[in-house]
Amino acid sequence: MSDARWTVYLLRCADGSLYTGIARDLDARLAAHNAGRGAKYTRARLPVSVAWSRGQQEPTSARRLEYALKQLTRAEKLRLVAGDEALWRRVRRQTLGAARPPAR
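Its first residue numbered -2, the sequence shown is counted upward by one per residue in the working numbering.
The structure is reproduced here in structure tokens:
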């Protein structure tokens, strides 16, 4: 099993919009976005900054959570940015299932 850590993130764009993505190295990905080498969406809305992020161990989980976050309304995404942990737990539980205790 890989120790690779993935990050699910929301970027705040210069026009106030939010962009959702995943990355193995968030700092490098942010630099790529701001250098115009990121997603087409962000290239037209520079500069961007990280508004919210959470780490994931597995890339599959990160991709599934990215999709789930993209389905949220702008208001819900802003709640995450504001620190609504209950909303994050709900999204995570609905997307990945109930958290299981570690095997003994």
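Heads up, the beta-carbon is just placed ideally off N, CA and C, and yes, glycines get one too. Being a predicted model, the structure only gives us computed values, none of them experimental.
Measuring straight from C-alpha to C-alpha, what distance separates residue i and residue j?
| i | j | result |
| --- | --- | --- |
| arginine 89 | glycine 33 | 31 Å |
| leucine 84 | glutamate 73 | 8 Å |
| glutamate 121 | alanine 25 | Outside the modelled stretch of the chain, which goes from -2 to 101, sits residue 121, for which no answer is possible. |
| alanine 79 | serine 50 | 12 Å |
| alanine 95 | threonine 70 | 23 Å |
| alanine 29 | glutamine 68 | 24 Å |
| serine 14 | glutamine 91 | 25 Å |
| tyrosine 64 | leucine 27 | 19 Å |
Reducing DSSP to helix, strand and coil, say where residue i ends up.
| i | result |
| --- | --- |
| serine 14 | coil |
| arginine 21 | coil |
| alanine 95 | coil |
| arginine 9 | strand |
| arginine 34 | coil |
| alanine 48 | strand |
| threonine 39 | helix |
Who are the Cβ neighbours of residue i in its own chain at under 7 Å, not counting the five residues just before and after it?
| i | result |
| --- | --- |
| proline 44 | Ala11, Asn31 |
| tyrosine 38 | Tyr16 |
| serine 58 | Leu93 |
| arginine 86 | none |
Measure the Cβ-Cβ separation of residue i and residue j and say whether it is below 9 Å.
| i | j | result |
| --- | --- | --- |
| leucine 93 | leucine 62 | yes |
| serine 46 | arginine 9 | yes |
| alanine 36 | glycine 18 | yes |
| leucine 23 | alanine 48 | no |
Excluding the 5 residues preceding and the 5 following residue i in the sequence, name in chain order all residues of the same chain whose CB lies nearer than 6 Å to its CB.
| i | result |
| --- | --- |
| arginine 76 | Leu84 |
Closer than 8 Å by C-beta to residue i: which residues in its own chain qualify, once you throw out the five before and the five after it? Chain order, please.
| i | result |
| --- | --- |
| arginine 60 | Ile19 |
Practice item. Report yes or no: do the segment 2 to 19 and the segment 47 to 63 share at least 3 C-beta pairs separated by less than 8 Å? Key: Output reads yes: the segment 47 to 63 touches the segment 2 to 19.
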